[in-house]
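Student: So the sequence shown is numbered by the numbering used here: it starts at 2 and just counts up by one.
Let me begin by handing over the structure; questions about it come next.
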Amino acid sequence: MLEEAEKRFDPEEVIAEFEALTKDAKRVQVETLKKILKENSETEYLKKWGLDGKTDPESYCSCVPLVTHKDLEPLIQQIADGSPHPILTAKPITTITLSSGTTQGKRKFVPFNDELTENTMQIYRTSYAFRNREFPIGNGKALSFIYGSKQFKTKGGLLAGTATTNVYRSEQFKKTMKDMQTPCCSPDEVIFGPDFQQSLYCHLLCGLIFRNEIQVISSTFAHSIVHSFRCFELVWEELCSDIKTGTLSARITDPTIRTAMAKMLKPDPELADKIHEKCSSLTNWYGLIEELFPNVKYIYGIMTGSMEPYLKKLRHYAGGIPLLSADYGSSEGWIGANVNPTRPPEMATFAVLPNIGYFEFIPLREIGSPESALVRVEPRPVGLTDVEVGEEYEVVVTSFAGLYRYRLGDVVKVVGFHNSTPELQFVCRRNLMPTINIDKNTEKDLQLSVEAAAKLLTAEKLEVVDFTSQVDLSSEPGHYVIFWEVSGDASDEILQDCCNCLDSTFVDAGYVSSRKVQAIGPLELKVLKKGSFQKILDHYVGLGSTLNQFKTPRCVGPVNQTVLNILCNNVVKSYMSGAFG
Ligand code: AMP
Numbered sequence: 002m003l004e005e006a007e008k009r010f011d012p013e014e015v016i017a018e019f020e021a022l023t024k025d026a027k028r029v030q031v032e033t034l035k036k037i038l039k040e041n042s043e044t045e046y047l048k049k050w051g052l053d054g055k056t057d058p059e060s061y062c063s064c065v066p067l068v069t070h071k072d073l074e075p076l077i078q079q080i081a082d083g084s085p086h087p088i089l090t091a092k093p094i095t096t097i098t099l100s101s102g103t104t105q106g107k108r109k110f111v112p113f114n115d116e117l118t119e120n121t122m123q124i125y126r127t128s129y130a131f132r133n134r135e136f137p138i139g140n141g142k143a144l145s146f147i148y149g150s151k152q153f154k155t156k157g158g159l160l161a162g163t164a165t166t167n168v169y170r171s172e173q174f175k176k177t178m179k180d181m182q183t184p185c186c187s188p189d190e191v192i193f194g195p196d197f198q199q200s201l202y203c204h205l206l207c208g209l210i211f212r213n214e215i216q217v218i219s220s221t222f223a224h225s226i227v228h229s230f231r232c233f234e235l236v237w238e239e240l241c242s243d244i245k246t247g248t249l250s251a252r253i254t255d256p257t258i259r260t261a262m263a264k265m266l267k268p269d270p271e272l273a274d275k276i277h278e279k280c281s282s283l284t285n286w287y288g289l290i291e292e293l294f295p296n297v298k299y300i301y302g303i304m305t306g307s308m309e310p311y312l313k314k315l316r317h318y319a320g321g322i323p324l325l326s327a328d329y330g331s332s333e334g335w336i337g338a339n340v341n342p343t344r345p346p347e348m349a350t351f352a353v354l355p356n357i358g359y360f361e362f363i364p365l366r367e368i369g370s371p372e373s374a375l376v377r378v379e380p381r382p383v384g385l386t387d388v389e390v391g392e393e394y395e396v397v398v399t400s401f402a403g404l405y406r407y408r409l410g411d412v413v414k415v416v417g418f419h420n421s422t423p424e425l426q427f428v429c430r431r432n433l434m435p436t437i438n439i440d441k442n443t444e445k446d447l448q449l450s451v452e453a454a455a456k457l458l459t460a461e462k463l464e465v466v467d468f469t470s471q472v473d474l475s476s477e478p479g480h481y482v483i484f485w486e487v488s489g490d491a492s493d494e495i496l497q498d499c500c501n502c503l504d505s506t507f508v509d510a511g512y513v514s515s516r517k518v519q520a521i522g523p524l525e526l527k528v529l530k531k532g533s534f535q536k537i538l539d540h541y542v543g544l545g546s547t548l549n550q551f552k553t554p555r556c557v558g559p560v561n562q563t564v565l566n567i568l569c570n571n572v573v574k575s576y577m578s579g580a581f582g
């Protein structure tokens, strides 16, 4: 016991370490790059680029090119196929991470190693330490909607799974969660169950059983929390009945989950009645989380970027419970921690940890007119401490797991500095929406346009459950198609207004001018059957993705034919915009 207490990390020490690292970010970056390059100097990749053992940033950036995942794909494939050579890293890669692939429609293989797990823990500890100053929690549990996806062996015998699964399976994860006083209230059998619907049901059930101990409700991405409570609306009476009788619903068929849950579930009519009463007294489920979990201190998950559209619903469920946005990372590696937990999720920033990788930033400032874009040479990336406040950049990562000058494809904005490390705001994925003419709309523009149009539905007490888009080039001129799932039946009149509003709220000058001269056709709004986005989620989970990392694809391209089919087969109504005459 004493030994365990001694090993627990001290949040103030974590903060002191973070302050020291960020005060000296430039030097730490140089040291980190040196360490990565030294460790991997004999790899085929670095030898090929003729680094010759040099480890300084200038030589590195002049010898080694910027790459995308596509460039590295054949090399990662060789690793997955079991090549015995040190291709990207000196130490053999034993695990492969599968990115969620929900933004670009294609799952990517990326190398994973213990350093990435350690980086993850450093990020978790750092943001927790800052969070705990503002929102201290006592000993308790977390209702964490986390899922271990299926792992499989690659041709070369390497274990492959999603990044979150690799982390959840690690011993360090459990220890860190315990240190952070938020061990998951559900048993491992539920987290690693073979069917996510069954796991989700049991997460909810465990949460209710431990309702007085729950301090935090969390998931990796906020979508998963909203999705879980939407499911709760459908199954709450069944959950109450399980608690009342002490017998698990027949919908749970997996024997390992049943055995694990049987140990926890005892007849408790009093608890069941209390939950029943609380749920029955709510109006449209407002404040559900607050009512169910009397000691919950905050709700925690990534709420920025493509998660922002779920915030309204999350706030509705949360009632008065604060929403705290989590850190910024990817399957390829972590980038920054949210060290300002009191900021509203929409304003969340991420302070880059200078010792977890070497970071560069490609400036994205517009120079010249759209016509000159063709001849424009992309600006050179700048170092971590050379970025400028107010500017947007694409993130480039060099990691301990074999990625060198890797373009992540994310756009961030520098909004300030924490000591000498930048604080980033996530803007969007780069190039998500293909161009029809000279339009340059991003995921963020789409989000803002949907947000504006969805306001028209509130008069009818309706909401957009989820949305995506497609750039339809099958007829001349091409046009945008936006798919909506709406929570109930809206009138044609309102939906037509929504469609016009969607079209007219894209502010990008290229789009507006192309619409005016009909070089881009009228925007089309297609309304989907209820449950369509659940089908898309099921499709990704069926491919081995996990709910943890699920992000609704915001623009579906032709490579993603299955999702396009789901969308097209579930359209119930469609409208053409009359916004530009
Ligand atoms: P994955 O492919 O599942 O590893 O997802 C990684 C991607 O999720 C990143 O490249 C970002 O586009 C997005 N992402 C991760 N963290 C955040 C965050 N805090 N805010 C917004 N988007 C994020």
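C-beta atoms are modelled at their ideal positions from N, C-alpha and C, and glycine is treated no differently.
1) Tell me whether I483, by its Cβ, gets closer than 8 Å to a heavy atom of ligand 1.
2) Look at the alpha carbon of F581 and the alpha carbon of T121, and state the distance between them as a whole number of angstroms.
3) Could you tell me if the beta carbon of A327 falls within a distance shorter than 8 Å of some heavy atom in ligand 1?
4) Give the straight-line distance between the Cα atoms of R555 and G149, rounded to the nearest whole angstrom.
5) Check whether the segment 410-423 and the segment 486-498 touch, using three or more Cβ-Cβ pairs below 8 Å as the test.
6) DSSP three-state call for K175: helix, strand or coil?
7) Answer yes or no: the CB of E525 versus the heavy atoms of ligand 1, is any distance below 8 Å?
8) Compare the C-alpha of H228 against each of G358, I97 and K536 and name the closest.
9) Please specify which runs of the beta strand (DSSP E), each continuous and at least 3 residues long, are wholly inside the segment 396-454, giving them in chain order.
10) To the nearest angstrom, how far is it from the Cα of K414 to the Cα of T246?
11) Using the three-state DSSP reduction, which class does H204 fall into: helix, strand or coil?
12) Give the DSSP bridge partners of P364, in chain order.
13) For a quick check, are the C-beta atoms of L67 and L76 less than 9 Å apart?
14) Whose CA, out of D467, A454, K530 and F10, lies closest to the CA of D498?
15) Take G330 and list the residues in its own chain whose beta-carbon comes closer than 7 Å to its own, dropping the five residues that flank it on each side.
16) Beta-carbon separation of T56 and K35 under 9 Å?
17) Starting from F233, trace the alpha helix (DSSP H) both ways and give me its first and last residue.
18) For ligand 1, I want to know if A161 counts as a neighbour, meaning its beta carbon is within less than 8 Å of at least one of the ligand's heavy atoms.
19) Grab me the residues of V31's own chain with a C-beta within less than 7 Å of its C-beta, minus the 5 sequence neighbours each way, in chain order.
20) Are the segment 208-218 and the segment 283-302 touching, with three or more C-beta to C-beta distances below 8 Å?
21) Cβ atoms of E45 and H86: under 9 Å apart, would you say?
22) Pair every Cβ in the segment 469-483 with every Cβ in the segment 517-530, then say whether three or more of these pairs are closer than 8 Å.
23) Considering only DSSP beta bridges, list what F468 is partnered with.
24) Alpha helix (DSSP H) containing Y512: first to last residue?
25) How would you label A349, buried or exposed, when you count the other beta carbons within 10 angstroms and need 16 or more for buried?
26) Can you tell me where the alpha helix (DSSP H) holding I322 begins and where it ends?
27) Under 9 Å between the Cβ atoms of K1 and L160?
28) If you scan the segment 78-139 from start to end, which runs of the alpha helix (DSSP H) of 4 or more residues do you find wholly inside it?
29) Using alpha carbons as the reference points, say which of L206, L117, L404 and E234 lies closest to K314.
30) Does DSSP classify L529 as helix, strand or coil?
31) Hey, how far is the Cα of C64 from the Cα of K176?
32) Pull up the CB-CB distance for K574 and L503, whole angstroms please, since I reckon it's below 8 Å.
33) Could you say which of C429, I439 and S470 lies nearest to K445 if we only look at CA atoms?
34) Since I believe T563 is in contact with T163 (beta carbons under 8 Å), could you give me their beta-carbon distance rounded to a whole number of angstroms?
35) Short check: CB of I290 to CB of Y318, under 9 Å?
36) Can you give the Cα-Cα distance for I244 and L206, rounded to whole angstroms?
Tutor: Let me spell this out:
1) Taking the first residue of the sequence shown as 1, we reach residue 483 at position 482. No, ligand 1 has no heavy atom inside 8 Å of this Cβ.
2) Sequence index remark: in the sequence shown, residue 581 carries index 580 (1-based). Sequence index remark: in the sequence shown, residue 121 carries index 120 (1-based). Rounded to whole angstroms, F581 to T121 spans 49 Å at the Cα level.
3) Translated into positions along the sequence shown, residue 327 becomes position 326. Result yes, Cβ under 8 Å from ligand 1.
4) By one-based count along the sequence shown, residue 555 stands at place 554. By one-based count along the sequence shown, residue 149 stands at place 148. Between R555 and G149, the C-alpha separation is close to 24 Å.
5) Using a Cβ-Cβ distance cut-off of 8 Å, the segment 410-423 and the segment 486-498 are not in contact, since fewer than three pairs of beta carbons, one from each stretch, lie closer than that value.
6) Within the sequence shown, numbered from 1, the residue matching residue 175 stands at position 174. Correct three-state label for K175: helix.
7) For the purposes of this step, residue 525 is taken as the residue at position 524 of the sequence shown. Because no heavy atom of ligand 1 lies under 8 Å away, the Cβ of E525 does not count as near it: no.
8) Taking the sequence shown and counting its residues from 1, one reaches residue 228 at position 227. Of G358, I97 and K536, the residue nearest in Cα terms is K536.
9) Runs found: 407-419 and 422-430.
10) Taking the first residue of the sequence shown as 1, we reach residue 414 at position 413. Taking the first residue of the sequence shown as 1, we reach residue 246 at position 245. Computed Cα separation, rounded: 53 Å.
11) Within the sequence shown, numbered from 1, the residue matching residue 204 stands at position 203. Reduced to three states, the DSSP call for H204 is helix.
12) Along the sequence shown, one-based indexing puts residue 364 at 363. In DSSP, P364 forms a bridge with Y394.
13) As a first step, residue 67 must be located in the sequence shown, where it is residue number 66. As a first step, residue 76 must be located in the sequence shown, where it is residue number 75. Contact flag unset, no.
14) On the sequence shown, residue 498 is found 497 positions in, with the first residue counted as 1. The residue with the shortest Cα to Cα distance from D498 is A454.
15) The count along the sequence shown starts at 1 and reaches residue 330 at position 329. The residues are I124 and I336.
16) Here the question's residue 56 lines up with position 55 in the sequence shown. Here the question's residue 35 lines up with position 34 in the sequence shown. Contact: yes.
17) Counting from 1 along the sequence shown, the entry for residue 233 is found at position 232. Judged by DSSP secondary structure, F233 falls within the alpha helix (DSSP H) whose first and last residues are A223 to T246.
18) Reading the sequence shown from its first residue, position 160 is the one you call residue 161. For ligand 1, not one heavy atom lies less than 8 Å from the Cβ of A161.
19) In the sequence shown, the residue the question calls residue 31 occupies position 30. Contacts found: P58.
20) yes
21) Indexing the sequence shown from 1 puts residue 86 at position 85. Indexing the sequence shown from 1 puts residue 45 at position 44. Result yes, Cβ atoms of H86 and E45 sit closer than 9 Å.
22) yes
23) The residue labelled residue 468 in the question sits at position 467 within the sequence shown. Partner(s): W485.
24) The residue labelled residue 512 in the question sits at position 511 within the sequence shown. Counting along the chain, the alpha helix (DSSP H) containing Y512 begins and ends at A510 to K517.
25) Counting from 1 along the sequence shown, the entry for residue 349 is found at position 348. Here A349 is buried, its C-beta having at least 16 other C-beta atoms within 10 Å.
26) As a working mapping, residue 322 is identified with position 321 in the sequence shown. Here I322 belongs to no alpha helix (DSSP H), and DSSP marks it neither H nor E.
27) A question about residue 1 goes unanswered here, because the residues of the chain that appear run from 2 up to 582.
28) Counting only runs of 4 or more residues that sit fully inside the segment 78-139, the alpha helix (DSSP H) segments are 115-135, in chain order.
29) The residue labelled residue 314 in the question sits at position 313 within the sequence shown. Comparing Cα positions, the closest option is E234.
30) As a working mapping, residue 529 is identified with position 528 in the sequence shown. The answer is strand: DSSP assigns L529 an E or B state.
31) If you number the sequence shown from 1, residue 64 lands on position 63. If you number the sequence shown from 1, residue 176 lands on position 175. Their Cα atoms are separated by approximately 41 Å.
32) Here residue 574 refers to the residue found at position 573 of the sequence shown. Here residue 503 refers to the residue found at position 502 of the sequence shown. Wrong, their Cβ atoms sit about 14 Å apart, outside the cutoff.
33) As a first step, residue 445 must be located in the sequence shown, where it is residue number 444. Comparing Cα-Cα distances from K445 to each of C429, I439 and S470, the minimum goes to C429.
34) On the sequence shown, residue 163 is found 162 positions in, with the first residue counted as 1. On the sequence shown, residue 563 is found 562 positions in, with the first residue counted as 1. 19 Å between Cβ atoms; not a contact.
35) Your numbering for residue 290 matches position 289 in the sequence shown. Your numbering for residue 318 matches position 317 in the sequence shown. In contact: I290 and Y318 (Cβ atoms closer than 9 Å).
36) Stepping through the sequence shown from its first residue, residue 244 is reached at position 243. Stepping through the sequence shown from its first residue, residue 206 is reached at position 205. Whole-angstrom Cα-Cα distance: 8 Å.
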